[in-house]
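A quick write-up on the structure given underneath.
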DNA sequence: ACAATGGGTTCCAAAAAAGAACCTGTCAAG
DNA sequence: CTTGACAGGTTCTTTTTTGGAACCCATTGT
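Residue numbers (this note's numbering), protein chains in the order written: chain A, 1 to 162; chain B, 163 to 324.
This is the structure in structure tokens:
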């Protein structure tokens, strides 16, 4: 499997990774969620090489995850903002954040906490079933071919996910 | 920021990415969740270069995400299995999967569906607050320094996440 | 004795990233 | 009317990572 064909794999994970599955993209998006919007600010906060940053921002814009919005004319300047597609990556960030909090924090605990505005508590995310509301884990799911499945998938699928 | 120092960043996202933030690791883990356990099988299913696969499996094992379990002696053969730390990455996979289903599927729909054993429905994951049970999104959260925060973080933090 | 099997390691060429310098409009100050 | 600053890139060159193929090694079946 080559990297450029990843977006045509019959797998939503592979397709997602074709956009966010490299060294820098999710860190750039972290800054977006923290309301960073300008080239210079991304560069300073991340310590990323400028041309790598330019490339990532371009690819994210082409993918519809970010959009360029002018914030002044003469000289024209544009900032990068999350689209709805980009905002929808929040669960991905949250899952990685919660996993890092649990497994990668030192003995002193995680470096940042997230507080839920609605209830006021420091929280983490729980994944629940969209239909019955029960918590989901790897052993509670089975996989089956969907409407976009190519024939080759049909023979491979059939087990559960653990 | 250099890649090798990512695991010491005061950010759980960066620390998580120091393990799963490269081109291949999450695809290797996808196969693990689909119960692939042997070197040859990873190689065939992923089409990954052998030494890259060997390197990823070693790093994941060192990180405690996979463990090597002997499945026969003479000749000794070992297989790779998810540890508890690895199984805990399921929400990350699920988030990426759901995002791909929603945003990266063609008009014919997603290639695979996940069915919840408990309720029998085809489902996706919903992220809810661990304290109040309400759905979470980017705009409903604020960030604040945690117990492991270095001084530099204290001035940068303080906004919400969108 | 010889090939097959599982699980690697080694070598070389191609692609991607790091780091630093350079370019381009548009102002604003001297 | 020249000099400098600023935002936002682009162009080099050097180092790391990949991809692809070949090779290695212990066992075991024929």
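Backbone N, C-alpha and C define an ideal beta-carbon position, used for all residues, glycine too.
Contact check for residue 184 of chain B and residue 177 of chain B: beta-carbon distance about 14 Å, past the 8 Å limit, so the pair fails to qualify. Judged by DSSP in its simplified three-state form, residue 92 of chain A adopts helix. Taking 8 Å as the upper bound for CB-CB distance, residue 298 of chain B and residue 13 of chain A are not in contact here, some 22 Å apart.
When Cβ-Cβ separations below 9 Å define contact, residue 54 of chain A makes no contact with chain B.
Inter-residue distance for residue 40 of chain A and residue 77 of chain A is about 12 Å (C-alpha atoms, whole angstroms). At a cut-off of 9 Å between beta carbons, residue 142 of chain A contacts chain B. Annotation: the continuous alpha helix (DSSP H) that includes residue 175 of chain B extends over 174-182. Residue 150 of chain A sits in coil when the DSSP states are folded into three classes, being neither helix nor strand. With a cut-off of 8 Å on Cβ pairs, the stretch 48-68 of chain A is not in contact with the stretch 257-264 of chain B, counting fewer than three such pairs. Chain order gives the chain B residues near residue 121 of chain A as 291, 292, 293, 294, where near means a beta carbon separation below 9 Å.
Secondary structure note for residue 230 of chain B: its beta strand (DSSP E) is the uninterrupted segment 228-234. No Cβ of chain A is located within less than 9 Å of the beta carbon of residue 233 of chain B. A check of alpha carbon separations from residue 131 of chain A across B:167, B:288, B:309, B:296 identifies B:288 as the nearest. Interface residue (Cβ-Cβ distance to chain A less than 9 Å): residue 242 of chain B is not classified as such. Around the Cβ of residue 233 of chain B, a 10 Å sphere holds fewer than 16 other Cβ atoms; the residue is exposed. For residue 268 of chain B, same chain residues with a beta-carbon under 7 Å away, outside a window of 5 residues either side, do not exist. Across the structure, residue 206 of chain B and residue 200 of chain B are spaced so that their CA atoms are roughly 10 Å apart.
Per DSSP, the unbroken alpha helix (DSSP H) holding residue 28 of chain A starts and ends at 25-33. The straight-line gap separating the alpha-carbon atoms of residue 74 of chain A and residue 68 of chain A is approximately 16 Å. Looking at the DSSP output, residue 78 of chain A bridges to A:70.
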